[in-house]
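Numbering (the UniProt record's numbering), first residue to last: 1 to 321.
Using N, Cα and C, we set each Cβ at its ideal position, and we do this for glycine too.
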């Protein structure tokens, strides 16, 4: 959803001299207002599959029969089957658009599904792949911190405190595995007076927009997010990415750490690795062709705050239930 609005902003900047009309159609917002915009026949519709399919199922006030270009951004995610399966929604959309059209797919990672789709295409498609062998940029310093699972949060608080003390103006993104972790960690860091906001899919859309706006405008320097924020979002000048969990797939790691060291800037990514995650790190290193270096911390400083951090975490978990 956030990516849809980011793309719309670019259309407005580039299309203003041409009088281009755009329409954003995403979940979490009023369908009636969106239907009204669609009925005005915009030149460009930027949509998430679920909400656009909802409009096609329930409304007859607009049509996609004159559509000339269908673009699937983050195509690997849209065509991936799993917990967020877009197949049914995409089928509705494909039935509504004309057969004679140009379809464009964009993806940062080439999955087996995309490779198979390329082979099955009736008309031989144009295919372009970046020649870069390394999946992450040279300006990105990639580190890991080996920590016991039970004391991971104490290491996180210590890391954040260290970066805040040394570089108060730096922006930090902390990635978590679940929405609950995201919410609890945000509450915990706020109790330690860190300027943090959360971004996850269980938040209302207006809350998500507000959180992202506050982080982008540097009102808050720390964004705690699930992988919602890792996909395509262009958040300028992020100096640090911390992976609170080791990503289960190398491509998720690549998307996450890609939020820093953008446009030639330097950045650092630190992954908290537990005793159960060693094989995941090896898989990441094999994929990105880079050996992660260990990030060193003063263990005693972590031990000094361990008990208090664990107590604070438990308090936040109770409140969030």
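Around residue 90, the same chain offers 49 as residues with beta carbons nearer than 6 Å, after the five sequence neighbours per side are excluded. Straight-line spacing of the CA atoms in residue 263 and residue 35 works out to 37 Å. Residue 144 sits in a strand when the DSSP states are folded into three classes. The DSSP-derived three-state label of residue 238 is coil.
Straight across, the Cα-Cα distance linking residue 293 with residue 22 is about 46 Å. For the stretch 43-76, the continuous beta strand (DSSP E) assignments of 3+ residues that do not extend past its boundaries occur at 44-47, 69-72, in sequence order. Residue nearest to residue 14 within the set 30, 44, 28, 31 is 44 (criterion: CA-CA distance). Non-local beta-carbon contacts of residue 186 in its own chain, meaning distances under 8 Å to residues more than five positions away in sequence, involve 196, 197, 198, 224 in chain order. About 7 Å separates the Cβ atoms of residue 275 and residue 148, confirming a contact at the 8 Å cut-off. Bridge pairing for residue 198: 224 [DSSP]. DSSP places residue 269 in the strand class (E or B) of the three-state scheme. Taken atom to atom, the span from the alpha-carbon of residue 235 to that of residue 96 is near 34 Å.
In the DSSP annotation of this structure, the continuous segment of the alpha helix (DSSP H) that includes residue 181 starts and ends at 179-191. Beta bridge pairing from DSSP links residue 23 with 45. Rounded to the nearest whole angstrom, the C-alpha separation of residue 212 and residue 202 is 15 Å. At least 8 Å separates the beta-carbon of residue 280 from that of residue 258. Residue 103 sits in a strand when the DSSP states are folded into three classes. In this structure, residue 254 sits away from residue 113, with a CB-CB distance that is not shorter than 8 Å. Counting of Cβ neighbours within 10 angstroms places residue 123 among the exposed residues, the total staying below 16.
In the structure shown, residue 299 falls within a helical segment according to DSSP collapsed to helix, strand and coil. The continuous beta strand (DSSP E) containing residue 175 extends over residues 172-175.
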